[in-house]
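In what follows, a structure is listed as structure tokens, so that the remarks can point back to it.
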Amino acid sequence: MEEVVRITSNVLTHRAVCEKPVMGLLPVLVCVVLGVYNVHSIMYNDLAVPAMIQKAIALGVTDVQNKNQFEEHLFQRGVDNRGGQRFMTNMGGSGGLMGGGGPGGGGMPTTGMLGQFHSKFALRTRGRRRDDNRQRIERSEITIRATLHLSRLLKISVGEIMTNIKIINEFIRQMSPICQYKPPRCDPKYPWRTADGTCNNLVFTNWGRSNRGQKRLLPPAYLDGVSEPRTLSVTGKPLPSPRTVSNFVHNTFHSEIRSPFLSVMTMSYGQFIDHDLHLTPMTKGANGSDVSCCELGPELMAKRPSCFPIFIPPGDPHFKKRRCMDLVRSVAAAPAACSPSFRDQMNEETSFIDGSMIYGSTIAEQRNLRLGKGGLLRVGPFGMMPPHPMDICIKETPGIFALTQVTTDLQKFLLWRQTMLHLSENITELQKCSERLIPTGQTREYSKKLARS
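The working numbering applies: residue 11 is where the sequence shown begins, and numbers increase by one.
Structure (structure tokens):
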């Protein structure tokens, strides 16, 4: 008791005591009670902080386990689209999941369905690779949830956590059994670029790597500081519906502007190059199923963190009856070493202009795409691009074209460019090998089709 009185008197007389970087547990408690505990200076040496980090990680693991159980429950109920089986045959046909066809009822696929076209993360993988992808996502989710819990336990902002090296190091140390991060090993004499972008920069070996978080110019402004999207403005009032904003921003007001210099192919080429640099995957449900939101109803939808639906206000110029539009959040990404972080968005492609949309952005994709002979790419019927392992195409006749990008069928210009580059790559390789390669099997048939064309 005398020691407590002495420390208290000392703190009240000289508050700088609580600024010292090394303190015992008792002085820390006194400083906390008196409200002059300087978190930035001394908390990182407090014995309680590692315990708080341990508790935060445990809570993060529990959150992800509960989420996975909920997703499995929804999958067993048949709520989610299981691998594209409930896809509509065309964009304006039977009306799909959210009402009748035509302008009044919906007649369009949900965001979860369209997410197939902007995600190859879970869709194109099987077996062990699919398990690796799922584990990578779960590690990111645990890291993000643990960061949120740690922020609340320490009562400081995520930004303060992310800028303190001692907290970061302790967090990484305790996350290591879950994270198991191994930096890439690079051979400086290796002459070729890697499929996933690793080791292209021998100093920063992960720069531009596929399946990593995207870089930000500014920090995010999440509602909880870590992951939850904002629903309130800076004034505290509810933000308007994104549908209202979209209708206003994209309304051309019957403009008939035509460019004398540019065509739609200019836009198409820009989109094609974008697919070399960037592809953001959508969150999947259990067993790789597509996430549904509006079908769940308000109560269940609020329990599903991957759902952030767009509510359609009355008087919408297109949707007369429909009041909810699915919006599925993108896959969560966190630093590779599992350091404390807010939620980032994942990029499935490399950050280099290296033909990811033609050759793939991982070793596994490259092996699936290449014939294994003469540098040729695989081909499908009529010498065109190979079929996708799953029929996910939304069109009158189910499509067969799907290379590295499931975005190929988004529009005919992308399909044309993808096909031309695919064929050009094989023509070039055949020309190189014509004197030393005797075509056999698929290569011979492909040569004949090229000759006839």
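All C-beta atoms, glycine included, are put in the ideal place defined by N, C-alpha and C. From a predicted model like this one, the values you see are computed outputs, not experimental measurements.
In angstroms with no decimal places, state the Cα-to-Cα distance between R195 and T215.
For R195 and T215, the distance between alpha carbons rounds to 8 Å.
Please tell me whether S302 and V74 are closer than 7 Å, where the distance is taken between their beta carbons.
No. Outside cutoff.
Please state whether DSSP places N357 in a helix, a strand or coil.
Here N357 sits in strand by DSSP.
To the nearest angstrom, how far is the alpha carbon of V71 from that of Q190?
Going by the C-alpha atoms only, they are around 15 Å apart.
Between the region 345-354 and the region 278-291, are three or more C-beta pairs nearer than 8 Å?
Touching, no, given that fewer than three Cβ pairs across the two stretches are closer than 8 Å.
Count the other CB atoms within 10 Å of the CB of F329; is the residue buried (16 or more) or exposed (fewer)?
By the neighbour-count rule (16 or more Cβ atoms within 10 Å), F329 is buried.
Is F258 near R427, with beta carbons less than 7 Å apart?
Cβ atoms of F258 and R427: not closer than 7 Å.
For a test of the three-state rule: what should DSSP assign to G384, helix, strand or coil?
Reduced to three states, the DSSP call for G384 is coil.
Assuming Y369 and L381 are in contact, meaning their beta carbons sit under 8 Å apart, how far apart are those beta carbons, in whole angstroms?
With 8 Å as the limit, Y369 and L381 do not qualify as a contact, their Cβ atoms being about 13 Å apart.
Identify the residues that DSSP records as bridge partners of R222: which are they?
N357, per the DSSP bridge assignment.
According to the neighbour-count rule (16 or more other Cβ atoms, all chains shown, within 10 Å of its Cβ), is E151 buried or exposed?
Buried, since its Cβ has 16 or more Cβ neighbours within 10 Å.
What span of residues does the alpha helix (DSSP H) with Y200 cover, start to end?
Taken as a continuous stretch (DSSP letters only), Y200 belongs to no alpha helix (DSSP H), as it is neither H nor E.
What separation, rounded to the nearest whole angstrom, lies between the Cα atoms of P239 and R339?
The alpha-carbon atoms of P239 and R339 are separated by roughly 10 Å.
On the three-state DSSP scale, how would you describe N48?
Interpretation of N48 is limited by its pLDDT of 47, a score under 50 that renders its predicted location unreliable; no figure is taken from the coordinates.
Within the continuous alpha helix (DSSP H) that includes Q184, where are the two ends?
Run containing Q184: I175 to C189, per the alpha helix (DSSP H) assignment.
If you run the structure through DSSP and keep just helix, strand and coil, what is A344?
Three-state DSSP puts A344 in coil, outside helix and strand.
Assign P8 to one of three DSSP states: helix, strand, or coil.
The structure shown does not extend to residue 8, since the chain is modelled only from 11 through 463, so no value can be given for it.
Check the Cβ-Cβ distances between S237 and every residue of chain B, and say whether any is below 7 Å.
Note that chain B does not occur in the displayed structure, where there is just one protein chain.
Counting only the same chain and skipping the five closest in sequence on each side, list residues whose C-beta sits under 8 Å from that of C334.
So the qualifying residues of the chain are M108, C303, C304, P319, I320, F321 and I322.
With a threshold of 6 Å on Cβ separation, who are the neighbours of Q415 within its own chain once the five nearest residues in sequence on each side are excluded?
Any reading at Q415 must be qualified, since the residue scores a pLDDT of 46, below 50, and its modelled position is unreliable; no value is offered.
Apart from the five residues just before and just after P229, which ones in its own chain have a Cβ nearer than 8 Å to its Cβ?
Only G169 and F352 meet the Cβ criterion.
Contact check, S220 vs G207 under 8 Å by CB: the rounded distance?
So it is a contact: roughly 6 Å between Cβ atoms.
Tell me the DSSP secondary structure of I147 in three-state form.
DSSP places I147 in helix when its eight states are reduced to three.
Check the DSSP bridge columns for K247 and list the partner residues they point to.
Looking at the DSSP assignment, K247 forms no beta bridge with any residue, so it has no partner.
Checking 7 Å against the spacing of the C-beta atoms, do V244 and P291 come in under that value?
Not closer than 7 Å, so no.
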